Amino acid sequence: MSNSNYEMGPIKELVRVLNGGIEFYRSAMDKVSNPHLMHVFENNINEKARTIAELQTFVLIDEGKIEQDSAFSVELREAYTKVLAVISADAEHTYVSQLEEIEDKVLEKIEAALMKKLPAECQSTLLQIQVRMQHCHNHMKQLKLVTA
1 MSNSNYEMGP IKELVRVLNG GIEFYRSAMD KVSNPHLMHV FENNINEKAR TIAELQTFVL
61 IDEGKIEQDS AFSVELREAY TKVLAVISAD AEHTYVSQLE EIEDKVLEKI EAALMKKLPA
121 ECQSTLLQIQ VRMQHCHNHM KQLKLVTA
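Residue numbers (UniProt numbering): 1 to 148.
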């Protein structure tokens, strides 16, 4: 049950996608050997953790508890990528490509949340997050082209 007149469901869904993204990045880090990719993955994990911490404040105020679940769609993509990586000659590109799709999903969830009625501070925070997540996406998109 929500404690406010705001539509915080999209924020909670964004947190779930971010949680799933962190799990996927961690899994991918264990599967790649390229130090540059590992560094980028670690940076994206840190950025998502920072974003979750910022958003949990609004979830906590609304619900009285933090969101800890991850998005099932991200878990499915992770499983799919593991299968592809086993049969693919280029596992690094497979992981980068699928992680770039996760970044797409994060941006979609941010845009969906921005369309809802949110507290002004949450809206402002989300706009700042959008810029940072766009940077993560652009970096993964560039790596996707380079690793192809």
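The beta-carbon is built from N, C-alpha and C at its ideal position, and this holds for glycine as well. All values reported here derive from a predicted model rather than from experimental measurement.
Separation of residue j from residue i, as counted between CA atoms
i      : j      : result
Ser124 : Ile102 : 23 Å
Phe58  : Cys122 : 7 Å
Leu18  : Ala113 : 14 Å
Asn34  : Thr94  : 13 Å
Glu92  : Val32  : 6 Å
Lys105 : Ile11  : 13 Å
Ala53  : Thr147 : 31 Å
Asn43  : Ile110 : 19 Å
Asn5   : Lys117 : 8 Å
Leu14  : Gln130 : 11 Å
Glu7   : His135 : 26 Å
Met140 : His36  : 12 Å
Val96  : Ala120 : 35 Å
Cβ separation of residue i and residue j, assumed to be a contact under 8 Å, to the nearest whole Å
i     : j     : result
Leu99 : Tyr25 : 7 Å
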